[in-house]
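> Sharing a structure, written as C-alpha coordinates. Questions coming.
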Amino acid sequence: MTEPTLLDVLGKQAENQRQDIHTALPAKAVSCNGHSVTIELMITQLVKDGQSIALPPLVDVPVGFYRGGGFCVTVPIQAGDEGLAIFAERCIDGWYASGKQSLPLDARFHDLSDAFFLPQGSSQPNKIPDYSTDALSMQTDDGSTFIRLQKGKIKIKGHIEHEGNSEQTGQHTQKGNWSQVEGEANSTGKISAAKGVFGGVDVENHDHPDSHGGNTGKPNK
0 MTEPTLLDVL
10 GKQAENQRQD
20 IHTALPAKAV
30 SCNGHSVTIE
40 LMITQLVKDG
50 QSIALPPLVD
60 VPVGFYRGGG
70 FCVTVPIQAG
80 DEGLAIFAER
90 CIDGWYASGK
100 QSLPLDARFH
110 DLSDAFFLPQ
120 GSSQPNKIPD
130 YSTDALSMQT
140 DDGSTFIRLQ
150 KGKIKIKGHI
160 EHEGNSEQTG
170 QHTQKGNWSQ
180 VEGEANSTGK
190 ISAAKGVFGG
200 VDVENHDHPD
210 SHGGNTGKPN
220 K
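FYI, the numbering for the sequence shown is 0 to 220, going by numbering that gives the first Met the number 0.
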(Lines of atoms letter the chains of each structure in order from A and count residues from 1; the text may use other names and numbers.)
(Lines give C-alpha, C1' and ligand atoms only; values in the text may rest on other atoms or scores of the structure.)
Protein backbone atom coordinates (compact mmCIF):
# COMPACT_ATOMS: atom_id res chain seq x y z
CA MET A 1 0.00 0.00 0.00
CA THR A 2 1.40 3.35 -1.03
CA GLU A 3 2.02 5.76 1.80
CA PRO A 4 -0.03 8.96 1.25
CA THR A 5 1.95 12.10 0.74
CA LEU A 6 1.37 15.35 2.58
CA LEU A 7 -0.31 16.68 -0.57
CA ASP A 8 -2.67 13.69 -0.57
CA VAL A 9 -3.58 14.30 3.07
CA LEU A 10 -4.17 18.00 2.54
CA GLY A 11 -6.22 17.31 -0.59
CA LYS A 12 -8.41 14.81 1.25
CA GLN A 13 -8.88 17.23 4.13
CA ALA A 14 -9.93 19.99 1.71
CA GLU A 15 -12.37 17.58 0.02
CA ASN A 16 -13.94 16.66 3.36
CA GLN A 17 -14.27 20.32 4.30
CA ARG A 18 -15.96 21.14 0.99
CA GLN A 19 -18.63 18.56 1.72
CA ASP A 20 -19.71 20.63 4.71
CA ILE A 21 -19.78 23.94 2.82
CA HIS A 22 -23.26 24.67 1.49
CA THR A 23 -24.00 27.59 -0.84
CA ALA A 24 -27.25 27.03 -2.73
CA LEU A 25 -29.46 24.08 -3.68
CA PRO A 26 -32.82 23.68 -5.43
CA ALA A 27 -35.56 23.04 -2.91
CA LYS A 28 -39.28 22.34 -2.64
CA ALA A 29 -41.69 23.72 -0.06
CA VAL A 30 -43.19 21.09 2.26
CA SER A 31 -45.32 23.52 4.28
CA CYS A 32 -45.57 27.26 4.84
CA ASN A 33 -46.88 29.45 7.65
CA GLY A 34 -46.62 32.70 5.70
CA HIS A 35 -43.23 33.99 6.81
CA SER A 36 -41.19 30.81 7.01
CA VAL A 37 -41.29 27.42 5.33
CA THR A 38 -40.27 23.85 5.80
CA ILE A 39 -38.33 22.81 2.72
CA GLU A 40 -36.98 19.63 1.18
CA LEU A 41 -33.63 19.87 -0.59
CA MET A 42 -33.86 18.35 -4.06
CA ILE A 43 -30.22 17.27 -4.40
CA THR A 44 -29.16 14.29 -2.32
CA GLN A 45 -25.82 13.99 -0.53
CA LEU A 46 -23.17 11.48 -1.55
CA VAL A 47 -21.63 9.41 1.23
CA LYS A 48 -18.29 7.62 1.35
CA ASP A 49 -19.49 4.33 -0.10
CA GLY A 50 -20.83 6.06 -3.23
CA GLN A 51 -24.44 5.91 -2.14
CA SER A 52 -26.65 8.95 -1.71
CA ILE A 53 -28.91 9.97 1.13
CA ALA A 54 -31.72 12.50 1.23
CA LEU A 55 -31.06 15.33 3.64
CA PRO A 56 -33.72 15.87 6.29
CA PRO A 57 -36.27 18.69 5.78
CA LEU A 58 -35.15 22.13 6.93
CA VAL A 59 -37.66 23.87 9.22
CA ASP A 60 -38.39 27.52 10.04
CA VAL A 61 -36.60 28.75 6.93
CA PRO A 62 -37.12 32.49 6.23
CA VAL A 63 -38.75 33.29 2.88
CA GLY A 64 -36.99 35.82 0.66
CA PHE A 65 -39.74 38.07 -0.71
CA TYR A 66 -38.95 41.26 -2.65
CA ARG A 67 -39.22 44.09 -0.13
CA GLY A 68 -37.97 47.63 0.39
CA GLY A 69 -39.00 51.19 1.18
CA GLY A 70 -42.21 50.13 2.87
CA PHE A 71 -43.34 48.03 -0.11
CA CYS A 72 -43.26 44.29 -0.78
CA VAL A 73 -44.15 41.71 -3.40
CA THR A 74 -45.39 38.42 -1.96
CA VAL A 75 -46.61 35.12 -3.34
CA PRO A 76 -48.80 32.54 -1.56
CA ILE A 77 -46.30 29.71 -1.22
CA GLN A 78 -47.93 26.29 -1.32
CA ALA A 79 -46.61 22.81 -0.60
CA GLY A 80 -44.80 21.54 -3.68
CA ASP A 81 -43.63 24.95 -4.89
CA GLU A 82 -40.08 24.90 -6.17
CA GLY A 83 -37.42 27.46 -5.34
CA LEU A 84 -33.82 27.99 -4.35
CA ALA A 85 -32.35 27.50 -0.88
CA ILE A 86 -29.34 29.69 -0.16
CA PHE A 87 -27.16 29.31 2.92
CA ALA A 88 -25.68 32.17 4.93
CA GLU A 89 -21.97 32.24 5.65
CA ARG A 90 -22.49 32.43 9.42
CA CYS A 91 -25.16 31.56 11.99
CA ILE A 92 -28.21 33.82 11.50
CA ASP A 93 -30.13 32.85 14.66
CA GLY A 94 -29.41 36.05 16.61
CA TRP A 95 -30.37 38.33 13.73
CA TYR A 96 -33.41 36.22 12.81
CA ALA A 97 -34.83 36.40 16.33
CA SER A 98 -34.10 40.09 17.00
CA GLY A 99 -33.85 41.86 13.66
CA LYS A 100 -30.71 43.55 14.97
CA GLN A 101 -27.02 43.18 14.31
CA SER A 102 -25.84 40.12 16.17
CA LEU A 103 -22.78 38.05 16.86
CA PRO A 104 -22.92 34.56 15.34
CA LEU A 105 -24.40 32.42 18.11
CA ASP A 106 -22.69 29.31 16.75
CA ALA A 107 -19.30 28.66 15.15
CA ARG A 108 -20.80 26.97 12.07
CA PHE A 109 -20.05 28.18 8.51
CA HIS A 110 -22.22 27.72 5.39
CA ASP A 111 -24.47 25.41 7.36
CA LEU A 112 -27.82 23.91 6.38
CA SER A 113 -29.29 25.49 9.52
CA ASP A 114 -28.86 28.98 8.06
CA ALA A 115 -30.99 28.71 4.94
CA PHE A 116 -33.22 31.20 3.14
CA PHE A 117 -35.86 30.06 0.65
CA LEU A 118 -36.29 32.08 -2.55
CA PRO A 119 -39.48 31.15 -4.46
CA GLN A 120 -37.83 31.31 -7.87
CA GLY A 121 -36.30 28.86 -10.28
CA SER A 122 -38.02 25.76 -11.66
CA SER A 123 -37.15 22.35 -12.99
CA GLN A 124 -38.02 21.58 -16.61
CA PRO A 125 -41.22 19.64 -15.77
CA ASN A 126 -42.46 22.55 -13.62
CA LYS A 127 -41.37 25.53 -15.69
CA ILE A 128 -43.87 28.33 -16.35
CA PRO A 129 -45.89 27.01 -19.31
CA ASP A 130 -46.90 30.35 -20.78
CA TYR A 131 -45.45 33.79 -20.17
CA SER A 132 -44.77 36.95 -22.15
CA THR A 133 -41.24 37.27 -23.51
CA ASP A 134 -41.58 41.00 -24.29
CA ALA A 135 -43.20 42.39 -21.12
CA LEU A 136 -42.86 42.55 -17.36
CA SER A 137 -45.61 40.14 -16.35
CA MET A 138 -47.37 39.41 -13.07
CA GLN A 139 -49.54 36.39 -13.78
CA THR A 140 -50.90 32.99 -12.88
CA ASP A 141 -48.71 30.11 -14.01
CA ASP A 142 -51.07 29.21 -16.85
CA GLY A 143 -51.29 32.82 -18.08
CA SER A 144 -55.09 32.99 -17.72
CA THR A 145 -54.87 36.11 -15.53
CA PHE A 146 -52.15 38.72 -15.78
CA ILE A 147 -50.91 42.29 -15.52
CA ARG A 148 -48.33 43.00 -18.23
CA LEU A 149 -46.23 46.11 -18.53
CA GLN A 150 -44.83 47.06 -21.91
CA LYS A 151 -43.39 50.32 -23.15
CA GLY A 152 -46.29 52.79 -23.22
CA LYS A 153 -48.94 50.19 -22.34
CA ILE A 154 -50.29 48.13 -19.44
CA LYS A 155 -52.47 45.13 -20.30
CA ILE A 156 -54.70 43.43 -17.72
CA LYS A 157 -56.70 40.22 -18.07
CA GLY A 158 -59.08 39.13 -15.31
CA HIS A 159 -61.77 40.53 -13.04
CA ILE A 160 -60.77 43.68 -11.15
CA GLU A 161 -61.96 44.66 -7.68
CA HIS A 162 -60.92 48.20 -6.75
CA GLU A 163 -61.32 49.87 -3.37
CA GLY A 164 -60.55 53.58 -3.26
CA ASN A 165 -60.81 56.61 -5.51
CA SER A 166 -59.95 56.53 -9.19
CA GLU A 167 -58.78 59.44 -11.36
CA GLN A 168 -58.15 59.28 -15.08
CA THR A 169 -56.72 61.77 -17.54
CA GLY A 170 -57.56 60.93 -21.12
CA GLN A 171 -60.32 59.11 -22.96
CA HIS A 172 -62.15 56.06 -21.67
CA THR A 173 -63.50 53.47 -24.10
CA GLN A 174 -65.51 50.51 -22.87
CA LYS A 175 -67.01 47.43 -24.50
CA GLY A 176 -69.79 45.81 -22.48
CA ASN A 177 -72.31 46.94 -19.90
CA TRP A 178 -71.69 49.48 -17.16
CA SER A 179 -73.60 49.41 -13.87
CA GLN A 180 -73.68 51.73 -10.86
CA VAL A 181 -75.42 50.31 -7.79
CA GLU A 182 -74.84 53.11 -5.26
CA GLY A 183 -74.01 56.80 -5.17
CA GLU A 184 -74.54 59.52 -7.74
CA ALA A 185 -73.05 60.28 -11.14
CA ASN A 186 -72.08 63.90 -11.82
CA SER A 187 -70.68 65.52 -14.92
CA THR A 188 -69.71 69.10 -15.70
CA GLY A 189 -69.51 68.31 -19.40
CA LYS A 190 -71.84 67.09 -22.10
CA ILE A 191 -73.12 63.50 -22.00
CA SER A 192 -74.15 62.03 -25.34
CA ALA A 193 -75.89 58.69 -25.84
CA ALA A 194 -77.62 57.01 -28.76
CA LYS A 195 -80.44 55.93 -26.43
CA GLY A 196 -81.39 56.72 -22.85
CA VAL A 197 -83.78 55.44 -20.19
CA PHE A 198 -84.13 57.52 -17.01
CA GLY A 199 -86.43 56.53 -14.15
CA GLY A 200 -87.91 53.88 -16.41
CA VAL A 201 -88.77 56.46 -19.08
CA ASP A 202 -87.38 56.04 -22.58
CA VAL A 203 -86.34 59.55 -23.64
CA GLU A 204 -86.71 58.62 -27.31
CA ASN A 205 -90.06 56.77 -27.24
CA HIS A 206 -92.24 58.32 -24.54
CA ASP A 207 -95.28 60.61 -24.52
CA HIS A 208 -97.09 63.04 -22.21
CA PRO A 209 -100.76 63.80 -21.54
CA ASP A 210 -101.97 66.65 -23.74
CA SER A 211 -104.55 69.36 -23.07
CA HIS A 212 -107.23 67.48 -25.01
CA GLY A 213 -107.29 64.36 -22.82
CA GLY A 214 -105.00 62.38 -25.07
CA ASN A 215 -101.28 61.87 -25.29
CA THR A 216 -98.62 63.74 -27.15
CA GLY A 217 -96.57 62.13 -29.85
CA LYS A 218 -93.02 60.94 -29.45
CA PRO A 219 -90.36 63.60 -28.93
CA ASN A 220 -88.83 65.19 -31.98
CA LYS A 221 -85.22 64.22 -32.58
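Virtual Cβ for every residue (Gly too), placed ideally from N, Cα, C.
As the structure is a computational prediction, the values presented were derived from the model and not from experiment.
Report yes if the C-beta distance between LYS152 and ASP80 is below 9 Å; otherwise report no.
No. Outside cutoff.
> Is GLN123 helix, strand or coil when you go by DSSP?
Residue state, collapsed to three classes: helix.
> Kindly indicate which residue of HIS34, LEU57, PRO3, ASP92 has the alpha-carbon position closest to the one of ARG66.
Here the closest residue by C-alpha is HIS34.
> In whole angstroms, what is the alpha-carbon distance linking TYR130 and VAL200?
Between TYR130 and VAL200, the C-alpha separation is close to 49 Å.
> Extract the residue ranges of the beta strand (DSSP E) inside the stretch 34-59, only unbroken runs of 3 or more that lie entirely within it.
Complete beta strand (DSSP E) runs here, min 3: 35-40.
> Looking at C-alpha atoms only, which residue of PHE108, SER30, LYS47 is the closest neighbour of PRO61?
Checking every option, the nearest Cα to that of PRO61 belongs to SER30.
> Under the rule that 16 or more other beta-carbon atoms within 10 Å means buried, what is VAL90, buried or exposed?
In the sequence on display, residue 90 carries Cys and not Val. Its Cβ being crowded by 16 or more others within 10 Å, CYS90 is buried.
> Enumerate in chain order the residues of its own chain whose CB-to-CB distance from ARG107 is below 6 Å, with the five nearest sequence positions on each side excluded.
The residues are CYS90.
> If the criterion is Cβ atoms closer than 9 Å, does the pair ILE52 and HIS109 meet it?
No, the pair does not count as a contact, with Cβ atoms beyond the cut-off.
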